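*Asks:*
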Amino acid sequence: MTKLLGVIGDPIAHSLSPLIHNGWLRDMGFDAVYEAMQVPAGELSSALETLSQRDVLGVNVTLPHKTDALAAAKVASDAARKIGAANTLSFQADQTWSATNTDAPGFLSALGTFDQHTDSFVILGAGGSARALVYALCQQGANVVILNRTVEKAKSLADELGNQTTVYASIDQYADYIRHASIVINTTSMGYSGQTLELEQGQGRLFFDISYGKAASRSIAQADASGWRTLDGLTMLVAQAALSFEIWFGEAPDLEAGLRRCRRALEAVS
Ligand code: ATR
76 MTKLLGVIGD PIAHSLSPLI HNGWLRDMGF DAVYEAMQVP AGELSSALET
126 LSQRDVLGVN VTLPHKTDAL AAAKVASDAA RKIGAANTLS FQADQTWSAT
176 NTDAPGFLSA LGTFDQHTDS FVILGAGGSA RALVYALCQQ GANVVILNRT
226 VEKAKSLADE LGNQTTVYAS IDQYADYIRH ASIVINTTSM GYSGQTLELE
276 QGQGRLFFDI SYGKAASRSI AQADASGWRT LDGLTMLVAQ AALSFEIWFG
326 EAPDLEAGLR RCRRALEAVS
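All residue numbers for the sequence shown refer to this note's numbering, where the first residue is 76 and numbers rise by one.
1. Jot down the residue ranges of each uninterrupted alpha helix (DSSP H) in the region 94-129, minimum 4 residues, whole runs only, in chain order.
2. List the residues that DSSP assigns as beta-bridge partners of D234.
3. By DSSP, does A244 sit in helix, in strand, or in coil?
4. Suppose you measure from the CA of T171 to the CA of V134; what does that come to, to the nearest Å?
5. Just reading off the beta strand (DSSP E) that L199 is part of, what are its end residues?
6. Consult DSSP for G333 and reduce its assignment to one of helix, strand or coil.
7. With distances taken from CA atoms, which of A174, L91, G84 is nearest V344?
8. Exposed or buried, Y267, counting other C-beta atoms within 10 Å across all chains shown (16 or more means buried)?
9. Secondary structure at R293, three-state DSSP: helix, strand or coil?
10. Kindly indicate which three-state DSSP category G203 falls into: helix, strand or coil?
11. My output table needs one value for I347: the three-state DSSP class, helix, strand or coil.
12. For T193, which of A233, H255, A155 has the nearest alpha-carbon?
13. Roughly how many angstroms separate the alpha carbons of L212 and A185, rounded to a whole number?
14. Could you pull out every residue in the same chain whose Cβ sits closer than 7 Å to the Cβ of I376, ignoring the five residues on either side in sequence?
15. Who pairs with L281 in a beta bridge, going by DSSP?
16. Mind checking whether the beta-carbon of T262 lies closer than 7 Å to any heavy atom of the ligand ATR?
17. So what's A168 in DSSP terms, helix, strand or just coil?
18. I want to check one thing, is the minimum distance from the CB of I246 to the heavy atoms of the ligand ATR below 7 Å?
19. Say yes only if the C-beta of G84 is nearer than 7 Å to one or more non-hydrogen atoms of the ligand ATR, and no if none qualify.
20. If contact is defined by three or more beta carbon pairs under 8 Å, each pair taking one atom from either stretch, is the region 266-280 in contact with the region 302-316?
21. How far does the beta strand (DSSP E) with L222 in it reach, from first residue to last?
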């Protein structure tokens, strides 16, 4: 019997997850299909109930359901509980859901190696995405500055998930903090409204925008032009997908193949 997988969110039509996962399912010969499922806010539980009547193996969960996904699960990983959000649910033999968060390790995998003693991070934004990043970095003992438009949210995030070295401030002060950072990560949604940062010369430092496609293209192009090494969110998207896939199937898929398919799909629409 063909197993069912998918991603639940709203909006969901533009999700690249079906492309990524169905590619891997074909490559690796698993008898399963991965679908995009549009489910409005507040209706995750009933959607999961419906899915549990079918041959479901698991689902990814994205906005606006990541907090509800954690609440719907009987068991949850430590990371999902601390972050307060889950992006991966697996349907268990006892007919309950188990929750994990692969955004945090997916982010670390995309980031690559860093030195916790000499590298210093500036994270722009303190929303849902920033939570997983701050958790992941602070677990590794990294030095993190959280800058946000609403300073109280940066403070709550630092208090909740930061470590002893975590600092927070207003995003208005980004130029001052970026001067002393070796890695700058943009998690804000400002790119969606066409806004960009004015970055000083990067001199080979890393600028990582966790969005991708049009939302990231202007900030990435400007950072490139100012001498930063750049990374967009596609690598992180594929890395978190690969970790979910591995939870469901026990085998790691080909990251490069996933990335290639995504880049091709985005080029086709740009
Ligand atoms: P996500 O889950 O993608 O992190 P979110 O929780 O809505 O989305 O968070 C969006 C982040 O972008 C927030 O940090 C938000 O700042 P506020 O907490 O002050 O709202 C930030 N953001 C959105 N638009 C921004 C803008 N124009 N300038 C600066 N920060 C912005």
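Glycine is no exception: its CB is placed at the ideal position from the N, C-alpha and C atoms.
All of these numbers come straight from a predicted model, not from anything done at the bench.
*Replies:* So, to answer that:
1. 119-127
2. When beta bridges are read from the DSSP output, D234 appears opposite no residue.
3. strand
4. 13 Å
5. L199: member of the beta strand (DSSP E) spanning 195-199, first to last residue.
6. helix
7. L91
8. exposed
9. Helix.
10. helix
11. No answer is possible for residue 347: it lies beyond the span of the chain, which begins at 76 and ends at 345.
12. H255
13. 13 Å
14. In this structure the chain extends from 76 to 345, so residue 376 is not present and cannot be described.
15. I258, R304
16. yes
17. The answer is coil: DSSP assigns A168 none of H, G, I, E or B.
18. Yes; taking the cut-off as 7 Å, the Cβ of I246 has a heavy atom of the ligand ATR nearer than that.
19. no
20. yes
21. 218-223
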